[in-house]
Each structure stands twice: as C-alpha cells, then as structure tokens.
Amino acid sequence: FEADLQDYLVKNLEDIEPGLKLYEEYAGTSGNQYVTDVGRIDILAKDHNGDFVVIELKRHGSDRSFGQLSRYMGWVKKHLAKDRNVRGVIIARKADDELKYAASINPNISIKEYEVTFTFKNASLEVE
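For the numbering used here, count along the sequence shown from 1 and bump the result up by 2.
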C-alpha cells in the first residue's frame, strides 16, 4: 500500500504542501526513491523557496522514523542543499506519541497523518 501512496503523492505533491515540486537533477535522476549513501529517500522535493523537503512514508510512524528522516536530511544538507534549508515530513497512517514528542522539538520536521477513502461505482461495458 505504501507504493500506491507514493505513486499518488509523487503526482500530487501539492496535496502535501502548495508549491512542492519533485526534485530533479540535471542527469535526469528524479526525487522519487532517491538513492543516497545512507538509504533510499521515499520522496525528495523542493518547496516554492527552492529549499529541500525530504518526505518519508510510513504505515505506522514511530520514533525510529524520526531517526531515519534525520539521517536523510543530514545527507541532503551535506551533499545537495549547500546554502539551502532542509525540512522533513513524515507521512503516516498513524503516528504514535513517541514520534510526536520527538518531532515537537525540531521545527524542521513535521508529521502528517493520512486517511484512505473509497468510492464505488457500477461497472458497465463500453460500447465501441
């Protein structure tokens, strides 16, 4: 399910934050599943100011997610950001209190919880 969420978010980054765009390098490498020396970033984006936003997707957000995101943010700051700021977002179905406490002391990390809804329609044959 995390892959479906990621596919959706890569195409709809503005649902996370207005002005967010997928990071792209000159060599054509995209910010979708961005590979680093310290792991694979789910989504690497840039905001309307040109600052980097590291997005980590989790089914259940725990304080372990905080450490992982911080590691990715540190790598981006050292290797890509130069004089730009780096922020992080953890997107989880449910974030536990340990994660909320960890994030509460770091203004550069935010947590978003998501909900899934379904819509059903009658199936019909298309006439050619």
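Glycine included, C-beta positions come from ideal geometry on N, C-alpha and C. Owing to the predicted nature of the structure, the values given are computational and were not obtained by experimental measurement.
### Query
Taking only runs of the beta strand (DSSP E) that begin and end inside the stretch 79 to 119, which ones reach a length of at least 3 residues, in chain order?
88 to 97, 111 to 115
### Task
State the DSSP-derived secondary structure class of residue 59, mapped to helix, strand or coil.
Numbered from its first residue, the sequence shown carries residue 59 at position 57. Strand, per DSSP.
#### Entry: First through last residue of the beta strand (DSSP E) which encompasses residue 46
Residue mapping note: residue 46 aligns to position 44 of the sequence shown, counting from 1. Where residue 46 is concerned, the enclosing beta strand (DSSP E) stretches over 41 to 48.
### Task
Kindly indicate which residue of 37, 20, 73, 12 has the alpha-carbon position closest to the one of residue 88.
Residue numbering aside, residue 88 sits at position 86 when the sequence shown is read from its first letter. Of 37, 20, 73, 12, the residue nearest in Cα terms is 73.
### Query
Quick one: is the Cβ of residue 45 within less than 6 Å of any heavy atom of the ligand ATP?
Summarising the ligand content, the structure contains no ligands, and the ligand ATP is consequently not present.
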